[in-house]
Structures are given as structure tokens and as C-alpha cells.
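**Q** Quick note: the sequence shown uses the working numbering, first residue 67, plus one each step. C-beta atoms are modelled at their ideal positions from N, C-alpha and C, and glycine is treated no differently. Keep in mind it's a predicted model, so treat the numbers as computed, not measured.
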Amino acid sequence: MEDIVRDARPEDALRVHEIMVADHTMTGTMRVPHQPLEYTQNRMASDPAVFKLVAMRDGKVAGYAELVTAPDAARHSHVGEINMICVHPDSLRKGVARQLMAEMIRMSDDWLRLKRLGLYVWTDNSGAISLYQEFGFEVEGTLWAYVWRKGEFLDAHVMGRIV
């Protein structure tokens, strides 16, 4: 079966929820434990300014990503934010995040006319930082004590890509 990236659909919610509640997702994002399936379903609801994608491997959702845009903001409509890239525990380190990032970059460059893409990443997430750098993102600054995680404050890099 072919590996593809496509729009997220309501029937993907249970598998996306498995990704969202995985420990590695909570460690790398702002999510907190014990969120109900309904939270994920609501997050996946249609929003014309947020492109929600899934990577499919062997007919199953292997990853989920969100590209947030601001089409109604006249002076900010050229900017997008990679809000989330997360991978199912069964598919870690298999190129799923790279596949999702490549599709978001393609959409940004070829369809949405986005001049700037930005994202936040925890400073200890070296794998993600390397991936983002491969796609042309650069560290633009560091936000000290940005997030509370497992009993301590953690810093975040702001990364950006200008085309």
C-alpha cells in the first residue's frame, strides 16, 4: 500500500488521538495527559485557516500535522505556523515527520503563497531541530522558561523559514 499524506478526516480521530495522548507527544508539545477523545475530535474539526494533514502508512494514520494560516489578516496573510507534527509510537524514526513537513512546505510554497513559516520547538528536541534545519528553518531566538514540563521549566527556540 502506498504511503501518502492527505487531509485529516473525522474517521482518523481515534488513531490521531492515540498519537496525541502518547508520552512522546506530550513531552514535545503543549499537550497535557488525560485529554478525552472529544478534545481530539474538536481539534480536528474543519477550520479554513488550519490545514490538518495525516501521513498514511499501510492504510493506517502514522502521523498528524497542522499548518496554521491567517488568510483574513491583511498584513499577516503571508505567514504560516507549523503548529504540530507528531508521529504514532509505531512509526517513530521512519520518516513520517519528514514526509509531513515536506507536504506542508509544498503547500506553503506552491499553493498558499506563504513568504514566512515559523514554529516553536523545545531546545532539547535535537532530532526535530535537525529536521527543521534540513527544510531551511533557522533559529531566530530562544524563549527562556517557555513551557512547564514534568516538574521543570524548559526553553523553546523560535525557528523561521523565509522564501
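1. Along the alpha helix (DSSP H) that carries residue 93, what are the first and last residues, could you check?
2. For residue 189 and residue 95, what's the separation of their Cα atoms in angstroms?
3. Using a 10 Å radius around the Cβ and a threshold of 16 neighbouring Cβ atoms, would you call residue 219 buried or exposed?
4. Is it right to say residue 142 is buried, meaning 16 or more other beta carbons lie within 10 angstroms of its own, or is it exposed?
5. Does the region 169-178 come close enough to the region 86-104 to have 3 or more Cβ pairs within less than 8 Å?
6. Going by Cα to Cα distance, which pick from 133, 144 and 76 is closest to residue 150?
7. Expressed to the nearest angstrom, what Euclidean distance is found between the alpha-carbon atoms of residue 70 and residue 120?
8. Which two residues bound the contiguous alpha helix (DSSP H) that contains residue 176?
9. With respect to 8 Å, is the separation between the Cβ of residue 209 and the closest non-hydrogen atom of the ligand SAH below this value?
10. Using a Cβ-Cβ cutoff of less than 7 Å, which residues in the same chain neighbour residue 75 once the five nearest sequence positions on both sides are dropped?
11. Is residue 154 helix, strand or coil by DSSP?
12. So, is residue 118 buried or exposed, given that buried needs 16 or more other C-beta atoms within 10 angstroms?
13. Return the Cβ separation of residue 198 and residue 185 in integer angstroms, given the expectation that the two are a contact with Cβ distance under 8 Å.
14. From residue 178 to residue 138, what does the alpha carbon distance come to, in whole angstroms?
15. When DSSP labels each residue in this structure, what does residue 193 get in the three-state scheme?
16. Going by CA-CA distance only, name the one from 202, 83, 127 and 73 that's closest to residue 113.
17. Once the 5 residues before and after residue 130 are set aside, which same chain residues still bring their CB inside 6 Å of it?
**A** Straight from the coordinates:
1. As a first step, residue 93 is located in the sequence shown; it is residue number 27 there, counting from the start. Element bounds for residue 93: 89-94.
2. Sequence index remark: in the sequence shown, residue 189 carries index 123 (1-based). Sequence index remark: in the sequence shown, residue 95 carries index 29 (1-based). Those two C-alpha atoms are separated by around 12 Å.
3. The residue labelled residue 219 in the question sits at position 153 within the sequence shown. It counts as exposed.
4. Looking up residue 142 in the sequence shown gives position 76. Exposed, by the Cβ-count rule.
5. Contact between the region 169-178 and the region 86-104 is absent, because fewer than three Cβ pairs lie under 8 Å.
6. On the sequence shown, residue 150 is found 84 positions in, with the first residue counted as 1. The option with the nearest alpha carbon to residue 150 is 133.
7. For the purposes of this step, residue 70 is identified with residue 4 of the sequence shown, where counting begins at 1. For the purposes of this step, residue 120 is identified with residue 54 of the sequence shown, where counting begins at 1. Between residue 70 and residue 120, the C-alpha separation is close to 8 Å.
8. On the sequence shown, residue 176 is found 110 positions in, with the first residue counted as 1. Residues 162-176.
9. With respect to small molecules bound, the structure shown includes none, and the ligand SAH cannot be examined in it.
10. For this step, residue 75 is matched to residue 9 along the sequence shown. Result list for residue 75: empty, nothing under 7 Å.
11. Along the sequence shown, one-based indexing puts residue 154 at 88. Under the three-state reduction of DSSP, residue 154 is assigned to coil, being neither helix nor strand.
12. Within the sequence shown, the letter at position 52 stands for residue 118. Buried, because 16 or more other Cβ atoms sit within 10 Å of the Cβ of residue 118.
13. Numbered from 1 along the sequence shown, position 132 holds the residue referred to as residue 198. Numbered from 1 along the sequence shown, position 119 holds the residue referred to as residue 185. Confirmed, about 7 Å.
14. Against the sequence shown, residue 178 aligns to sequence position 112. Against the sequence shown, residue 138 aligns to sequence position 72. Using only the alpha carbons, I get a separation of about 13 Å.
15. As a working mapping, residue 193 is identified with position 127 in the sequence shown. In the structure shown, residue 193 sits in a helix (DSSP, three-state: H, G or I).
16. Translated into the one-based positions of the sequence shown, residue 113 becomes position 47. Answer by Cα proximity: 73.
17. The sequence position of residue 130 within the sequence shown is 64, counting from 1. Same-chain partners within the cutoff: 82, 85, 120 and 152.
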